[in-house]
């Protein structure tokens, strides 16, 4: 038997004890990004759940497992850097994501260089399928939900944009 040194809970194997310790007792997580940015995230409590908040400015994710946080932050930081819009004092030659006029009303952007749709509110990568896009907007964010026909029309615009970019 393997016993947790902090709470005395017993586990049948060392792997389960290690997972328990990380999820329940680890106080901070150090995350090193490829660009050498380093985050040290401390455990906090949100809605009576102990866990870690994503340190990326545009993200509100809260994860209980430090390993999950590490994976999330690596992905989230890549999306945040790609979807970041320049402020007026930044170089205006910096390339913005290609806007899709209809879906940008719902903070959904098409990132041409990655060929993906991204929700700018939560950095979630969306499939180019109308029902999941509509469900994401309806279930994850407050406000109005677009009709299915509206989302289908927006996806047709994306396809047309991709075709025109590939065949000038």
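Numbering (full-length UniProt numbering), first residue to last: 1 to 168. Glycine residues also receive a C-beta, built at the ideal position from the N, C-alpha and C atoms.
- If you compare the alpha carbons of 133, 60 and 40 with that of residue 153, the shortest gap goes to 133.
- Under the DSSP assignment, residue 133 falls in the alpha helix (DSSP H) whose first and last residues are 130-140.
- Between residue 29 and residue 52, the C-beta spacing is below 8 Å.
- Here residue 67 has 22 as same chain residues with Cβ atoms under 8 Å from its own Cβ, once five neighbours each way along the sequence are excluded.
- In the same chain as residue 10, and ignoring 5 residues on each side of it, the C-beta atoms closer than 8 Å to its own belong to 1, 2, 3 and 4, in chain order.
- Rounded to the nearest angstrom, the Cβ distance from residue 108 to residue 119 is 6 Å, consistent with a contact under 8 Å.
- In the three-state DSSP reduction, residue 158 falls in the helix class (H, G or I).
- By the criterion of a C-beta distance shorter than 6 Å, residue 59 is surrounded in its chain by 76 and 123, once the five residues flanking it on both sides are discounted.
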